[in-house]
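In my numbering, the protein residues as written are 63 to 144. For reference, the structure is listed below as structure tokens.
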């Protein structure tokens, strides 16, 4: 995955790609053609999962466009070291 401003690409212990965007962690949920869909990784015991989502689209020039499809989180960002 190429560089996207304000987004950090992280490889997890299980070798999957995660993204950090505005202090929130996201996991890949699906890919279709040049678009990748991401959801917030927050899962809270006994509470509804966060529904924050965004997608990235790879453009012909090799850069990416970020679409915030559901930008609102139901929790503050976690304090974690990555």
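Ideal placement from N, C-alpha and C gives every residue a C-beta, glycine not left out.
Simplified DSSP state of residue i, which is helix, strand or coil
{"i": "residue 123", "result": "coil"}
{"i": "residue 84", "result": "coil"}
{"i": "residue 89", "result": "strand"}
{"i": "residue 97", "result": "strand"}
Buried or exposed by the 16-neighbour rule on C-beta atoms within 10 Å, applied to residue i
{"i": "residue 63", "result": "The predicted position of residue 63 is uncertain, since its pLDDT is 46 and thus under 50; no value can be drawn from it."}
{"i": "residue 96", "result": "exposed"}
{"i": "residue 118", "result": "buried"}
Backbone CA spacing between residue i and residue j [nearest angstrom]
{"i": "residue 137", "j": "residue 112", "result": "7 angstroms"}
{"i": "residue 124", "j": "residue 140", "result": "31 angstroms"}
Chain-order list of residues whose beta-carbon lies under 7 angstroms from that of residue i (same chain, five-residue window excluded)
{"i": "residue 121", "result": "127"}
{"i": "residue 75", "result": "none"}
Beta-carbon contacts of residue i that lie in its chain and below 6 angstroms, excluding the five residues immediately before and after
{"i": "residue 114", "result": "102, 132 and 135"}
{"i": "residue 69", "result": "81 and 83"}
{"i": "residue 105", "result": "111"}
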